[in-house]
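Numbering that gives the first Met the number 0 puts the sequence shown at residues 0 to 467.
In this text, a Cβ means the ideal position worked out from N, Cα and C, and glycines have one as well.
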Amino acid sequence: MSIRTRVLTGITTSGTSHLGNYVGAIRPALRLAQDPGTDAFFFLADYHALIKCDDPERVARSRMEIAATWLACGLDPARVTFYRQSDIPEIPELTWLLTCVTSKGLMNRAHAYKAAVDANQARGEDADAGITMGLYSYPVLMAADILMFGARRVPVGRDQVQHIEMARDIAMRFNHLYGEGLLVLPEAAVDEDVATLPGLDGRKMSKSYDNIIPLFAGGARAQQEAIARIVTDSRAPGEPKDPDSNALLALYRAFATRAQADAFAVDLRGGLAWGDAKRRLAERIDAEVGPLRARYEALLADPDQIEEVLRHGAAKARTLAAPLVAKLRTAVGLRSPQAIQAAPATRPRQPVAGGRFVTFRAADGRFHFRFVGADGSDLLLSIPFDSPRAAADWVKVLDKSGGQASFVWGPGALHLEPEDTVAGPITVLWFAEERLAATAPQAAADERDALARRLVAEFEVRWRSQQV
Ligand code: TRP
Numbered sequence: 000m001s002i003r004t005r006v007l008t009g010i011t012t013s014g015t016s017h018l019g020n021y022v023g024a025i026r027p028a029l030r031l032a033q034d035p036g037t038d039a040f041f042f043l044a045d046y047h048a049l050i051k052c053d054d055p056e057r058v059a060r061s062r063m064e065i066a067a068t069w070l071a072c073g074l075d076p077a078r079v080t081f082y083r084q085s086d087i088p089e090i091p092e093l094t095w096l097l098t099c100v101t102s103k104g105l106m107n108r109a110h111a112y113k114a115a116v117d118a119n120q121a122r123g124e125d126a127d128a129g130i131t132m133g134l135y136s137y138p139v140l141m142a143a144d145i146l147m148f149g150a151r152r153v154p155v156g157r158d159q160v161q162h163i164e165m166a167r168d169i170a171m172r173f174n175h176l177y178g179e180g181l182l183v184l185p186e187a188a189v190d191e192d193v194a195t196l197p198g199l200d201g202r203k204m205s206k207s208y209d210n211i212i213p214l215f216a217g218g219a220r221a222q223q224e225a226i227a228r229i230v231t232d233s234r235a236p237g238e239p240k241d242p243d244s245n246a247l248l249a250l251y252r253a254f255a256t257r258a259q260a261d262a263f264a265v266d267l268r269g270g271l272a273w274g275d276a277k278r279r280l281a282e283r284i285d286a287e288v289g290p291l292r293a294r295y296e297a298l299l300a301d302p303d304q305i306e307e308v309l310r311h312g313a314a315k316a317r318t319l320a321a322p323l324v325a326k327l328r329t330a331v332g333l334r335s336p337q338a339i340q341a342a343p344a345t346r347p348r349q350p351v352a353g354g355r356f357v358t359f360r361a362a363d364g365r366f367h368f369r370f371v372g373a374d375g376s377d378l379l380l381s382i383p384f385d386s387p388r389a390a391a392d393w394v395k396v397l398d399k400s401g402g403q404a405s406f407v408w409g410p411g412a413l414h415l416e417p418e419d420t421v422a423g424p425i426t427v428l429w430f431a432e433e434r435l436a437a438t439a440p441q442a443a444a445d446e447r448d449a450l451a452r453r454l455v456a457e458f459e460v461r462w463r464s465q466q467v
C-alpha cells in the first residue's frame, strides 16, 4: 500500500534558466517526480513574475521558455500536474481570502521586503520607495499557490523557507477561524544533497551576480563561450594546478560520476591546461544537456504544443482548486441565501446531486459500500464490514465529514481503512493495489488519477448540494 505525498513547487517566470537552476532545482525536482510515492504539482509562477518585471514581452517570452525548459528536461505531463499560475482563477481568489487573515506584522518580517527597505534606507531614501503591494504581499500569493492544492511538501531553496513557514502560519490562522482541517499545513523540503553551483567567478551562480552559464539560451555556442570565461589563475599548460581554486571542478562534478570527476582533478594536478580543462568541461556538460537542448528547440518552435500541455494541466489542477474554493467560500460566509435560512427542516427535500453511496452484500456474505458516480461508474469500493449497519455508519461518517474529507490517492483503486481514519474531521481514503486488480485491472496511472479526481469532484458536489 502506498500513499502519495502531494509535492508542489513554483518556478518564477522571469528570465531564462541557467545551469544553477538546472542542477539545483530542475533536475532534483524531476527526479522526485519519478518517485511513485510522489504526486507532483509543478507550476509556472507567472503572477509572481509581474512583481519583479514590468516588461510584457519579457514576461511572455519567459513563460514559454521556462515551460519548454521543464518539458525538454523530462517533465512528463501525464505524471506531473504542470500548469501556469495565471490559468487558475481560484488562486487570486484564495489569495484574497488569505490576505484577510494575514497580519501585516507577519509581512513586515518577510526577508525580501526587509531587504528592499534596508536598501532604501542605506541610500537615504524613504523606507518604502519603489516597494509595491505586490512585493509586500508576495508571501500571501505564494501561500495561496501552496494551500490551493493541499501540498504537504514544498521543495525550495533555503531562501524560500521563510515563505513556506508563513504559508503554514496563514493556514493555521485560517483553520483556527473557519474550521480545523480546511487547509493542509505545508512543510518546506530543502534538499541538503544538492550542491549550489558556482558561477564563472566562483560565487553562487546567479543572475544577480552576472556570472551564469546558460542552460539552453543561445545554443551550445553560448554555453561554450560562457565556460571559456570561467575565471582561473594564470598557471601555464604543464604546471600543476589546484583543482579547487576555481569553479571548474565543482561544475564538472555536477555532470559526472565521482570517478570521472576524480580523474579530472588528477589531470589538473598533473598540469592539464586551463583551456583543455574548459573544453573537457563543456563536452561533459553537453553530453547531458545537448540532447535536452534539441528537444527544447523543437518545443519552442511549436508553441501551440506547449500551450496545449499547459491548458490541459490547468484543467486538471482546477478540478481540485474549484471545489476547495467553493468550500472555503462557504466557510467564510460567502454562501447562497438558502444556506442562512433559519429553519432548514421546513424546506422541501432537494434531490442530492453528485455521486451516491450504495451498500451491498458481496459473495462472501460480508457488506461493502460503493460510491457511484453520476454516470453509474464505481469510484470507491470499501473494505468488507461484518454488518450492513457498520457499512452504513461509515457512509454516514463520510457524508457528514463531507467537504472536510480529504482524499489521498496513490497507485491503486480506492480502499477505505477504518482504523486510523475518522480521528478528526479529516477522513482519509486510502487506495490499495489489490482493489485495483478487482475493479480496474488495466487502469494506467493517469486513469487512476482521473478516477480519484472524479471521486473528489463528485463527492464535493454531493456534499455541497446537501448544504443548501
Ligand atoms: N517564490 C518562489 C521562488 O522565487 C517561486 C514560487 C512561487 C513558489 N510560488 C511558489 C515556490 C509556491 C514554491 C511554492 O523561487
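Hey, could you find the ends of the alpha helix (DSSP H) residue i is sitting in?
i, result
"P55", "P55 to A71"
"F263", "R257 to R268"
"I212", "No alpha helix (DSSP H) contains I212, which DSSP labels as neither H nor E."
"T98", "E89 to T98"
"P290", "W273 to L299"
"V371", "Taken as a continuous stretch (DSSP letters only), V371 belongs to no alpha helix (DSSP H), being part of the beta strand (DSSP E) at F366 to V371."
"L199", "Counting along the chain, L199 falls outside any alpha helix (DSSP H), and DSSP gives it neither H nor E."
"Y135", "M132 to L146"
"V308", "P302 to V331"
"D117", "H110 to A121"
"L176", "V160 to Y177"
"L247", "L247 to R252"
"R220", "G218 to A227"
"R30", "R26 to Q33"
"L74", "First-last for L74: undefined, no H or E at that position."
"G104", "K103 to N107"
Please list the terminal residues of the continuous beta strand (DSSP E) segment that includes residue i.
i, result
"E186", "E186 to A188"
"T478", "The chain is shown only over 0 to 467; residue 478 falls outside these bounds and no answer can be derived."
"Y82", "T80 to R83"
Could you give the distance in angstroms between the alpha-carbon of residue i and the alpha-carbon of residue j?
i, j, result
"Q184", "V22", "The sequence as given places Leu at residue 184; Gln does not occur at that position. Near 28 angstroms, if we compare the C-alpha coordinates of V22 and L184."
"F41", "M132", "25 angstroms"
"T426", "G178", "Per-residue confidence for T426 stands at a pLDDT of 32, beneath the threshold of 50, marking its modelled position as unreliable; the derived number appears in the next sentence. Each residue's alpha carbon lies about 15 angstroms from the other."
"L309", "W69", "12 angstroms"
"L43", "V6", "15 angstroms"
"L49", "A281", "34 angstroms"
"P138", "M165", "7 angstroms"
"S13", "A66", "12 angstroms"
"M171", "R317", "23 angstroms"
"G289", "D127", "45 angstroms"
"R60", "E307", "16 angstroms"
"D232", "L214", "25 angstroms"
"G375", "A352", "13 angstroms"
"W95", "M147", "12 angstroms"
"I305", "G149", "26 angstroms"
"E296", "L248", "29 angstroms"
"L140", "L299", "29 angstroms"
Got a sec? Which residues, its chain only, sit under 6 angstroms from residue i by beta carbon, not counting five neighbours each side?
i, result
"A216", "T15"
"A255", "R283"
"F173", "V100 and L182"
"H110", "Q161"
"D54", "none"
"V79", "A32, A39 and F41"
"G156", "none"
"I169", "L97, T101 and A142"
Short of 7 angstroms in beta carbon distance, which residues of its chain neighbour residue i, apart from the five on each side in sequence? Order them along the chain.
i, result
"G354", "F370, V371, G372, A373, L378, E457, F458 and R461"
"A227", "K277"
"Q120", "A126"
"N210", "G198, L199, D200, R202 and M204"
"D285", "A219"
"M106", "Y112, Y135, S136 and P138"
"S244", "D232"
Could you name the residues that DSSP lists as bridge partners for residue i?
i, result
"I10", "L43"
"P154", "A188"
"T15", "For T15, which the question treats as bridged, DSSP gives no partner whatsoever."
"D377", "V371"
"D38", "R5"
"F458", "Answer by DSSP bridge pairing: none, since F458 is not bridged."
Return the chain-ordered list of same chain residues with a C-beta closer than 8 angstroms to the C-beta of residue i, the five sequence neighbours on each side being excluded.
i, result
"H311", "P76"
"G423", "Note that G423 scores a pLDDT of 29, beneath 50, so its modelled location is shaky and nothing firm can be said."
"F359", "F366, H367, F368 and R369"
"A115", "G129, I130 and L134"
"T4", "G36, T37, D38, R151 and R152"
"D144", "L7, G9, F42, A44, Q84 and I90"
"K206", "G14 and H17"
"R62", "T12, L43, D45, A48 and R83"
"A28", "T8, A39, F41 and P154"
"A188", "V6, R152, V153, P154 and V155"
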